[in-house]
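Numbering-wise (the numbering used here), the sequence shown opens with residue 1 and increments by one.
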Amino acid sequence: MSGAAHTAPGTGVGPSAGLSAGLERDLLGRVVTAQRSWRSPGVSVGVVRGDALVWSAHVGAARLGADPVPAGDDTQFMIGSVTKTFTALAVMSLRDEGRLSLDDTLEEYLVGTRHARVPLRQMLAHASGLQREPVGNIWESLVAPDREAFLAGVEHAEQVLPPHHAFHYSNLAYGLLGQVVEKVTGQEWEDVVRERVLEPLGMTRTGLTPGDDRAVGYQVDPYAGTAREEPLFTLNATAPLGGLWSTVADMARYAAYVASPDDRVVRPETLDEMCRPLIMTDVDAWSGAYGLGFGMGRRGDRVYVGHGGAMPGFLTGLRVRRKEGVGAIVFANATSGALTLGLATDLVEAVVDAEPSLASAWVPEAPRPELDELLGLWWSEGSPITFFVRDGQLWSRLADDEPLSETRYSAEGTDRYRAVDGREAGEVLEVVRAADGSVERLYFATYAVTRAPLAFADLQL
1 MSGAAHTAPG TGVGPSAGLS AGLERDLLGR VVTAQRSWRS PGVSVGVVRG
51 DALVWSAHVG AARLGADPVP AGDDTQFMIG SVTKTFTALA VMSLRDEGRL
101 SLDDTLEEYL VGTRHARVPL RQMLAHASGL QREPVGNIWE SLVAPDREAF
151 LAGVEHAEQV LPPHHAFHYS NLAYGLLGQV VEKVTGQEWE DVVRERVLEP
201 LGMTRTGLTP GDDRAVGYQV DPYAGTAREE PLFTLNATAP LGGLWSTVAD
251 MARYAAYVAS PDDRVVRPET LDEMCRPLIM TDVDAWSGAY GLGFGMGRRG
301 DRVYVGHGGA MPGFLTGLRV RRKEGVGAIV FANATSGALT LGLATDLVEA
351 VVDAEPSLAS AWVPEAPRPE LDELLGLWWS EGSPITFFVR DGQLWSRLAD
401 DEPLSETRYS AEGTDRYRAV DGREAGEVLE VVRAADGSVE RLYFATYAVT
451 RAPLAFADLQ L
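Quick look at the structure:
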């Protein structure tokens, strides 16, 4: 095993796949330090770069006892609320198929419900204002309701805030989204998630029912330092909010998909949509936001996507830096004290900083004669805009260096283009020609774009 000569007792390091020895030692040091400071019986982590699990480590034990059992890449941990991202993907896959709309209200799927006017979009983003938990004391009794009891409880649940008034985390909302998935498909939520998400991604060790070799969850006494085994919790009808179990190996596959999606689960642009902020979780510092099932956290100039999870005996953190294609998963078999999201972010940050990805070599563009008359310097509202070709497509760049200053276009026919991204994504770029066929001016989002800087008074044709 890589680094085995330098590991402490109770520490295992998986085979390396391309990280430098110095970086591996740095990562391992962070994990060992975290396990000791958290006083978690065990901590298991995996780091993903590109489409591969490039490094993993397991510190401590998955099961305590006279002969402690170490964890491995295939040891199952309860992932808690990271499950919500899978529920969200199930919803979005149905949206992509046209079987539901995010603007549909709950009434369309749960007829007669007290919360009829709540849209699915707000529920996905924790912006519905619905109370945090399902009705009852499930976090005390650890007895989760069946479908009938869960839906009966919904009629006694409150909307504690106006819709989209503020971020308000709601397990109840995700339990209801699971019911919507079942109503639309006529299948159990677990079957839908397995068929639409887990099987396409090869996540064969992820599901609601763990194997006998699963990790055991513990609560560690803050003063005595003793560990007490936590009971196994089955979430029944509330499983869509946090009931899945998974492994380092499976979650590495998931992190790789989140970093660079293909069309196995949802359209790539749908995953991009899910990872865009809909509501800020921290309105003062703007350090966090929530999209459609995925959370976003900002550290410095970087934004990471993912989710945290907490269940009796287990804490989980998933963080992905999509731009560089690097992700990390962190499991701890402890009820409290483990800052798994923070460590996951640390691991991703360490890899990105130590071994930044290299850009591919520049190669000359193939001739695009139909674009020649559009290239070069133009002006709009007194500001310069440069049009150029990159990777075979038409682009424009504003003079400022603000985010989204570049726009990419796709052709929609003769002399008509549409912005694919950038600050005016979706808007039309129209080419206007003179009587002799030469390009006279452009219109972008209805604004005139001319070869010379003109005052508004000079724009009349």
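For glycine and all other residues, C-beta sits at the position ideal for the given N, C-alpha and C.
Give me the Cα-Cα distance between residue i and residue j, rounded to the nearest whole angstrom.
{"i": "S383", "j": "L172", "result": "50 Å"}
{"i": "H6", "j": "A61", "result": "Because H6 sits at a pLDDT of 40, beneath the cut-off of 50, its placement in the model cannot be relied upon, and the following sentence gives the value as read from the coordinates. Between H6 and A61, the C-alpha separation is close to 18 Å."}
{"i": "Y218", "j": "S56", "result": "22 Å"}
{"i": "E158", "j": "A152", "result": "13 Å"}
{"i": "P200", "j": "D458", "result": "58 Å"}
{"i": "T238", "j": "H126", "result": "16 Å"}
{"i": "R441", "j": "P453", "result": "12 Å"}
{"i": "V265", "j": "T83", "result": "15 Å"}
{"i": "L54", "j": "V432", "result": "Note that residue 54 is Val in the sequence shown here, rather than Leu. Each residue's alpha carbon lies about 52 Å from the other."}
{"i": "S20", "j": "I329", "result": "20 Å"}
{"i": "G202", "j": "D415", "result": "44 Å"}
{"i": "R194", "j": "S37", "result": "36 Å"}
{"i": "M311", "j": "S170", "result": "15 Å"}
{"i": "L358", "j": "G50", "result": "13 Å"}
{"i": "M274", "j": "G293", "result": "6 Å"}
{"i": "R147", "j": "T335", "result": "27 Å"}
{"i": "R390", "j": "Q35", "result": "47 Å"}
{"i": "R408", "j": "R451", "result": "20 Å"}
{"i": "A434", "j": "R397", "result": "25 Å"}
{"i": "R99", "j": "K183", "result": "11 Å"}
{"i": "L27", "j": "A66", "result": "29 Å"}
{"i": "Q131", "j": "N333", "result": "28 Å"}
{"i": "H156", "j": "R117", "result": "16 Å"}
{"i": "G306", "j": "V48", "result": "13 Å"}
{"i": "S2", "j": "R25", "result": "Here the model assigns S2 a pLDDT of 38, short of 50, so the residue's position is not dependable and the matter cannot be decided."}
{"i": "N236", "j": "V32", "result": "35 Å"}
Mind checking who residue i pairs with in its DSSP beta bridge?
{"i": "E229", "result": "Y218"}
{"i": "G288", "result": "G297"}
{"i": "L384", "result": "Note on residue identity: the sequence assigns Pro, not Leu, to residue 384. Beta-bridge pairing links P384 to W379."}
{"i": "Y443", "result": "E430, A448"}
{"i": "Q159", "result": "L130"}
{"i": "T247", "result": "Note: T247 sits in no beta bridge, so no partner."}
{"i": "L318", "result": "H307, I329"}
{"i": "W55", "result": "V47"}
Mind checking whether residue i and residue j have CB atoms under 7 Å apart?
{"i": "E229", "j": "V216", "result": "yes"}
{"i": "A88", "j": "L124", "result": "yes"}
{"i": "F541", "j": "I279", "result": "Given that the chain is displayed from residue 1 to residue 461, the structure contains no residue 541 and the question cannot be resolved."}
{"i": "G46", "j": "A252", "result": "yes"}
{"i": "I79", "j": "G309", "result": "yes"}
{"i": "P41", "j": "L23", "result": "no"}
{"i": "G288", "j": "R276", "result": "no"}
{"i": "P240", "j": "G178", "result": "yes"}
{"i": "V449", "j": "E373", "result": "no"}
{"i": "A344", "j": "G325", "result": "no"}
{"i": "H58", "j": "G12", "result": "yes"}
Along the chain, where does the beta strand (DSSP E) that runs through residue i open and close?
{"i": "Q393", "result": "393-398"}
{"i": "G309", "result": "302-311"}
{"i": "R36", "result": "Premise fails: R36 lies in the alpha helix (DSSP H), 21-38, not in any beta strand (DSSP E)."}
Note the first and the last residue of the continuous alpha helix (DSSP H) segment covering residue i.
{"i": "W362", "result": "Segment: none, W362 is in no alpha helix (DSSP H) and carries neither H nor E."}
{"i": "E273", "result": "268-274"}
{"i": "E182", "result": "171-185"}
{"i": "F150", "result": "147-154"}
{"i": "T87", "result": "83-96"}
{"i": "T345", "result": "340-354"}
{"i": "V502", "result": "For residue 502 there is no data in the structure shown, the boundaries of the chain being 1 and 461."}
inquiry  = Does the structure place the stretch 414-434 close enough to the stretch 350-359 that three or more beta carbon pairs sit under 8 Å?
reply    = no
ask   = So, do the stretch 62-78 and the stretch 288-302 have three or more beta carbon pairs nearer to each other than 8 Å?
value = The stretch 62-78, when compared against the stretch 288-302, does not touch it at the 8 Å Cβ threshold.
message = I'd like to know if the stretch 404-411 and the stretch 339-347 are in contact, where contact means that at least 3 CB-CB pairs between them fall below 8 Å.
response = no
inquiry  = For the stretch 236-247 against the stretch 198-213, do three or more pairs of beta-carbon atoms, one drawn from each stretch, fall closer than 8 Å, so that the two count as touching?
reply    = yes
task = Evaluate contact between the stretch 256-276 and the stretch 107-116, counting only Cβ atoms and requiring at least three cross-stretch pairs below 8 Å.
result = no
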